[in-house]
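So the sequence lines, in the order shown, correspond to chains A and B. If you read the first sequence in my numbering, its first letter stands for residue 222, the second for the next number, and so on. If you read the second sequence in my numbering, its first letter stands for residue 145, the second for the next number, and so on. For every residue, glycine included, the Cβ atom is placed at its ideal position computed from N, Cα and C.
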Amino acid sequence: MTKATDTLIEEPILEIRNLQTSFFTDKFEVKAVDGVNFAVPKGKTLGIVGESGSGKSITSLSILRLIQNPGKVKGGEVIFKGENLLDKTEAQMRQIRGNEISMIFQEPMTSLNPVYTVGQQISESFQIHQKMSKKEAMLRSVEMLKLVGIPSPERRVKQYPHELSGGMRQRVMIAMALACDPELLIADEPTTALDVTIQAQILELMKDLQNRLGMSIIMITHDLGVVAETCDYVAVMYMGKVVEYAAVKDLFKHPKHPYTVGLLNSLPRHDIDLEDEELQVIKGSVPSPADMPKGCRFAPRCPFASEICRERLPDLEESEDGNQIRCWIYTDEWDGEPEVNVNGERTS
Amino acid sequence: MLTFIVRRLLQTIPVIIGVTILTFSLMHLIPGDPAQIMAGESASPEQIELMRERLGLNDPLPIQYFDYLKGIIQGDLGNSIRSGREVSGEIALRLGNTVELAFYSTVLSVFIGLIAGVISAVRRYTFIDTFVMIIALFGLSMPAFWLGLMLIRYVAINSDLFAASGWGTWSQMVLPIITLGTAGAAIIARMTRSSMLEVIDQDYIRTARAKGVKEQVVVYRHALKNALIPVVTVVGLQFGSLLGGAVITESVFAINGIGRLIVDSIRSRDFPIVQGGILVLSVLFVVVNIIVDIAYRYLNKRIDLN
Chain A
222 MTKATDTLIE EPILEIRNLQ TSFFTDKFEV KAVDGVNFAV PKGKTLGIVG
272 ESGSGKSITS LSILRLIQNP GKVKGGEVIF KGENLLDKTE AQMRQIRGNE
322 ISMIFQEPMT SLNPVYTVGQ QISESFQIHQ KMSKKEAMLR SVEMLKLVGI
372 PSPERRVKQY PHELSGGMRQ RVMIAMALAC DPELLIADEP TTALDVTIQA
422 QILELMKDLQ NRLGMSIIMI THDLGVVAET CDYVAVMYMG KVVEYAAVKD
472 LFKHPKHPYT VGLLNSLPRH DIDLEDEELQ VIKGSVPSPA DMPKGCRFAP
522 RCPFASEICR ERLPDLEESE DGNQIRCWIY TDEWDGEPEV NVNGERTS
Chain B
145 MLTFIVRRLL QTIPVIIGVT ILTFSLMHLI PGDPAQIMAG ESASPEQIEL
195 MRERLGLNDP LPIQYFDYLK GIIQGDLGNS IRSGREVSGE IALRLGNTVE
245 LAFYSTVLSV FIGLIAGVIS AVRRYTFIDT FVMIIALFGL SMPAFWLGLM
295 LIRYVAINSD LFAASGWGTW SQMVLPIITL GTAGAAIIAR MTRSSMLEVI
345 DQDYIRTARA KGVKEQVVVY RHALKNALIP VVTVVGLQFG SLLGGAVITE
395 SVFAINGIGR LIVDSIRSRD FPIVQGGILV LSVLFVVVNI IVDIAYRYLN
445 KRIDLN
């Protein structure tokens, strides 16, 4: 393990610069992802956290260029191993999808094709990317099922998705994603649809496989518990923008952005007795993307918001520890109370 | 699978019995005395009595029914009143033509309908989609008799390639098949389109794309197989209704088919033929539905038919 101090200096396997993805309706454009920047260090796990509609899933789909009409990746760069994926042809992208970058999705119940066997679906990756014969691919599929801890894989490989439980299906999804030994795995809320015990098993499995296979992971989630357990770094997203990027330890110990603090506060805590206190919530709700605030996106809900927050959008600035923050409070231009203790708001 | 087929066949027995009861009742549902009607208007009372005796109409109803049933099992559907020939023979002579017509029409409508539907769905909301769907609407709205007449008037008459009547050679078969298959093609195209649109937004389609599967393979292997499930039902129903509904096409193109036979027999009150024809068509319909169920099972693994 590397020390926490040289956090972001490690070479990233994937770097996203100013990524913009929008959805177009007849009347207006909805900027689902609006200038997102982050890097995924090699062999590490980056968590992307945010509420529903913050743009985290769209970001991940944009990386693989899987955005469907009426959505479009409008600009920015997705640098994977030194090359911009947005410049690649569709055929080149197909070589990367499922081969170098794989993805698993939120809904294991609906993410597998109901009319093909589990084996046929895993085999497909081998057949496409490694030009294996059907038979060979099927044998490797059995191995993959074994790898993800599915008992009696020889039998399971011939079964259809509806014959498996949710946890099993997510294991199958993982097996499918890891078939070609990808360098980057994007997991879009892989455990959200599963019950808690199965969640823990799946996360454990992913960590274990990461250690064995040495891949990098992007873990998209709205569950900070999952982040704490699995991630090395976190990017907190709010309304299509990254508001804070930090090493996991730093984020949980010293959250800087008022939104991050709000997220952490809204978690129930088991370590301290809060019998008398109610769980804190972030006031208000995410505004419609069609009705974007002019200044900082979080200003309407932020307890510290001052004039400048409502007028101008802050930049994502890097601090000395290598973490990044998008908030006026940490800049020289801050015009609110001089001694704001964002953390003081925390209930702990 | 085999147990399913056997079970499904056993299930048809009550259906077939129901059909025989209905066709049997037909004789007695006709207003007036069946013997009188069959013997003709100018028949003397003796002739009518003779007819009644011949038809077994003096026996109690259950006995009559069992006699009728016994005949069916032995392949004896009675004799045509008009020609005096065996009904089974009359039907057998024409059944092949009708089945052929219905089958080829179904094949044509499935072929065209699927292609049009998939293209429309893949290019949704584009000019091509709108165009295909407008054509489909036309196809759906054209009555078969009109389309048939237009084809005869503008194609058959102007060209040596196609004949305007009869059945047997390809030149005779093409126009009736188009006439009968057009509406089906339109229905299947619309059905396929909406079914494909539903499937193409499913999570597993995204999974396939994320795997690096080519778009054509995504459409034809991953999406279409799922989209076909509701389409199969329509195809099955359609084939069934084409069997009985070919009457108009058979009349327009003077095809010696079972639909026309039944209509002609209704007109001339040749009730044994009507009874036999309906019975045979019903049984065929049931058989087609079994085939559809089997195809369903094959396509949709989630259906446990046992």
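Between Lys355/A and Thr338/A, the alpha-carbon positions lie close to 13 angstroms from each other.
Chain-order list of chain A residues neighbouring Tyr348/B: Thr331, Ser332, Leu333, Asn334 and Pro335, by C-beta distance under 8 angstroms. Separation of Ala449/A and Lys470/A (C-alpha to C-alpha, rounded to the nearest whole angstrom) is 8 angstroms. At a cut-off of 9 angstroms between beta carbons, Arg531/A makes no contact with chain B.
Taking 9 angstroms as the cut-off, the Cβ atoms of Ser243/A and Val257/A do not count as close.
An exposed status is given to Gln313/A, since fewer than 16 other beta-carbon atoms sit within 10 Å of its beta-carbon.
In the structure shown, the three-state DSSP call for Leu405/A is strand. When 7 angstroms is used as the limit between beta carbons, Glu250/A is near no residue of chain B, the shortest such separation being about 18 angstroms.
In the assembly as shown, Gly312/B is an exposed residue. Its beta-carbon has fewer than 16 other beta-carbons within 10 Å. Taking a Cβ-Cβ threshold of 7 angstroms, the residues of chain B close to Arg315/A are Gly356 and Lys358, in chain order. A Cβ-Cβ distance of about 6 angstroms is found for the pair Val457/A and His478/A, placing them in contact under the 8 angstroms criterion. Per the C-alpha coordinates, the member of Leu428/B, Arg446/B and Leu423/B positioned closest to Leu166/B is Leu423/B. Annotation: Cβ neighbours of Gly319/A in chain B (cutoff 7 angstroms, chain order): Ala354, Lys355 and Gly356. Cβ proximity to chain B below 7 angstroms picks out Glu345, Ser346, Ile349 and His350 from the stretch 340-354 of chain A. Assignment of Val257/A by DSSP, reduced to helix, strand and coil, places it in the strand class.
Chain order gives no chain A residues near Arg267/B, where near means a beta carbon separation below 9 angstroms; the closest approach is about 11 angstroms. Scanning Gln342/A, Gly340/A and Val299/A for the CA closest to the CA of Ile322/A turns up Val299/A. Annotated as distal: Met340/B and Val357/B, with beta-carbon spacing of 9 angstroms or more. DSSP, reduced to helix, strand and coil, places Met460/A outside both helices and strands of the structure shown, so it counts as coil. For Ser253/B, the enclosing alpha helix (DSSP H) covers residues Val231 to Val266.
Restricted to the stretch 292-374 of chain A, the alpha helix (DSSP H) segments that are unbroken, complete and at least 4 residues in length are 311-317, 339-350 and 355-368, listed in chain order. Contact fails between the stretch 395-407 of chain B and the stretch 209-220 of chain B, because fewer than three Cβ pairs, one in each stretch, are under 8 angstroms apart. Restricting attention to alpha helix (DSSP H) runs no shorter than 4 residues, the stretch 505-539 of chain A encloses them at 528-532, ordered along the chain. Closer than 9 angstroms to the CB of Glu364/A there is not a single CB belonging to chain B. Here Lys462/A is buried. Its C-beta has 16 or more other C-beta atoms within 10 Å. Taking one beta carbon from each stretch, the stretch 396-403 of chain A and the stretch 361-379 of chain A have 3 or more pairs nearer than 8 angstroms; the two touch. When the alpha-carbon of Gly222/B is set against those of Pro206/B, Thr242/B, Pro204/B and Gly200/B, the nearest one is in Gly200/B. Asn370/B carries a helical assignment under DSSP once its states are collapsed to helix, strand and coil.
Of the other Cβ atoms in all chains shown, 16 or more fall within 10 Å of the Cβ of Pro476/A; this residue is therefore buried. In the displayed model, Ala179/B falls within a helix according to three-state DSSP. For Glu465/A, the three-state secondary structure derived from DSSP is strand.
By the Cβ-count criterion, Gly162/B is exposed, with fewer than 16 other Cβ atoms from all chains shown falling within 10 Å of its own Cβ. Asn444/B is positioned such that its CB atom lies no closer than 9 angstroms to that of Gly384/B.
Within chain B, Asp347 have C-beta atoms less than 8 angstroms from the C-beta of Glu328/A, given in sequence order. Using a Cβ-Cβ cut-off of 9 angstroms, Met427/A does not count as an interface residue toward chain B, since no Cβ of chain B sits closer than that to its own. In summary, Leu281/B is exposed, with fewer than 16 beta-carbon neighbours lying within 10 Å of its beta-carbon over all protein chains present.
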